[in-house]
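Structure first, then comments.
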Amino acid sequence: MTDAAPRPRRSVLYMPGANERALEKAKTLPVDGLILDLEDAVAPDAKADARKRVAAAAASGEYGHREVTIRVNGPGTAWHDDDLRAAAEAGPDAVVVPKVDSAATVVAVERALEAAGAPDRTAIWAMVETPRAMLDAREVAAASERLTVLVMGTNDLAKELHAEHVPGRAPLLTGLSLALLAARETGRAVLDGVYNDVKDIEGFEAECVQGRQFGFDGKTLIHPAQVEPCNRLFAPSPEQVERSRRIIEAFETATREGRGVVTVDGRMIENLHVDEARRVLALAAAVEGR
Ligand SMILES: CC(C)(COP(=O)(O)OP(=O)(O)OC[C@H]1O[C@@H](n2cnc3c(N)ncnc32)[C@H](O)[C@@H]1OP(=O)(O)O)[C@@H](O)C(=O)NCCC(=O)NCCSC(=O)C[C@H](O)C(=O)O
Ligand SMILES: [Mg+2]
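Numbering (the numbering used here), first residue to last: 829 to 1118.
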């Protein structure tokens, strides 16, 4: 079940599962994915009602091209098992599991989903947001073929580390890198964490650029105002697309002439740069298809 083709996951929006208005509004937002949340955004008294709403929304088929996922409450909580059963029945694109910190947790979730009759199409997205998850990220990512995406939980990670949220995210960079290494080594996609200040679009954009430069496939979001900048900044730019085309063309010409290396704009281009240029073009085409 590992993703092969580049599926755009530039923008993945959380919405509180108890908020009917947000669930409705999401049908009109140009996001690549949605996380219908049963965990942090839902108060204990509202959990049962939210579970019903979210399951109905996920099963409705009304979200078009958007990937629809359900975030269940974490392993060990009073709601986890019921959430998994409801999610398995609803059959979303994925079940997002928070606070996964071992391969055993992933395997337990996989077994519970299968026992509850989850369709094969329902993947597992594992949130990595604890020190243990960071240190065992590779084992978590490789624990199941159903697991297709790692999701950073930067609020929980900062809390666990006693770290401060600062511009540039220096305290979190090791964790971000460990998740990326684990995802790329195992062929999983990987999404960056959320930006809490919904009014600060400039700061949000800076964090999108940082996430993209690191190699994240996209970012998780908490407010509709974050969607457009996120889509724009995680898609290949027109300049990148144009340069990628020139790289491929120049390399193909060089190969026909018996050369294995060439320069474009004064920079050395080898096979590996051509692979990267093809990845960029494939992603740009997939984004264009949206
Ligand atoms: C952050 C918010 C509480 C802000 O809410 P509010 O002040 O009400 O926003 P606005 O008035 O600006 O809303 C304008 C309209 O947009 C809709 N809206 C707002 N947020 C969403 C959303 N997430 N999805 C869909 N629609 C949304 C409002 O309904 C308004 O619509 P309308 O009335 O028609 O104009 C709020 O944005 C919010 O609740 N966001 C999500 C919070 C959330 O899900 N948090 C949990 C996930 S993050 C997390 O857990 C991180 C991770 O685990 C970690 O550890 O890091
Ligand atoms: Mg969290």
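We put the beta carbon where it would ideally sit given N, CA and C, even for glycine.
Pairwise C-alpha distance: residue j and residue i
| i | j | result |
| --- | --- | --- |
| A943 | P920 | 16 Å |
| D909 | V924 | 13 Å |
| A1112 | A874 | 41 Å |
| L975 | A969 | 7 Å |
| T982 | L862 | 18 Å |
| E973 | R1073 | 34 Å |
| C1058 | L1000 | 20 Å |
| L1008 | R1040 | 11 Å |
| E1033 | A998 | 17 Å |
| M829 | A871 | Residue placement at M829 is poorly supported in this model, since its pLDDT is 41, which falls under 50; the coordinates still yield a value, given next. If you take the alpha carbons of M829 and A871, they lie about 34 Å apart. |
| A869 | D877 | 13 Å |
Exposure of residue i, with buried meaning 16 or more beta-carbon neighbours within 10 Å
| i | result |
| --- | --- |
| G996 | exposed |
| G1015 | exposed |
| G945 | exposed |
| D1028 | exposed |
| P926 | buried |
| P785 | Lying outside 829 to 1118, the shown extent of the chain, residue 785 is not represented and no answer is given. |
| V979 | buried |
| R881 | buried |
Residues bridged to residue i [DSSP beta-bridge criterion]
| i | result |
| --- | --- |
| T897 | I863, A922 |
| L1049 | L841 |
| I952 | V923, L975 |
| M980 | V956 |
| T1091 | M1096 |
| D1134 | As shown, the chain starts at 829 and ends at 1118. That puts residue 1134 outside it, with no answer to give. |
| D1020 | K1047 |
Whole-Å CB distance - residue i paired with residue j, under 8 Å assumed
| i | j | result |
| --- | --- | --- |
| V1055 | L841 | 7 Å |
| D1020 | F1044 | 4 Å |
| A922 | T950 | 6 Å |
| V928 | V977 | Actually they do not touch by this definition, with Cβ atoms about 12 Å apart. |
| D860 | R879 | Not quite, the Cβ-Cβ distance comes to about 24 Å (not below 8 Å), so this is no contact. |
Contact set for residue i: own chain, Cβ-Cβ below 6 Å, skip 5 residues either direction
| i | result |
| --- | --- |
| G1003 | M962, L985 |
| V1022 | T1048, I1050 |
| T933 | P903 |
| V1115 | P836, A1063 |
| E867 | R899, N901, P926 |
| Q1119 | This structure does not reach residue 1119, given that the chain is present from 829 up to 1118, and the question cannot be answered. |
| P947 | G919 |
| D865 | Y842, P844, G845, R899 |
Same chain, Cβ closer than 7 Å to residue i, neighbours up to 5 away in sequence not counted
| i | result |
| --- | --- |
| L1006 | M962, A965 |
| G1086 | none |
| R1118 | P836, H893 |
| L941 | L912, A916, V923, T950 |
| I1075 | V1092, I1097, H1101, V1102, A1105 |
| P858 | V1055, N1059 |
| K855 | E890, Y891 |
| E1013 | R966 |
heavy atom of ligand 3 below 6 Å from residue i C-beta
| i | result |
| --- | --- |
| M962 | Ligands present in the displayed structure are limited to ligand 1 and ligand 2, and ligand 3 is not among them. |
Chain-order list of residues whose beta-carbon lies under 8 Å from that of residue i (same chain, five-residue window excluded)
| i | result |
| --- | --- |
| G1094 | none |
| V1089 | A1082, M1096, I1097, E1098 |
| A883 | I898, A914, A915, E917, A918 |
| G1031 | P995, Y1023, D1025 |
| A936 | P903 |
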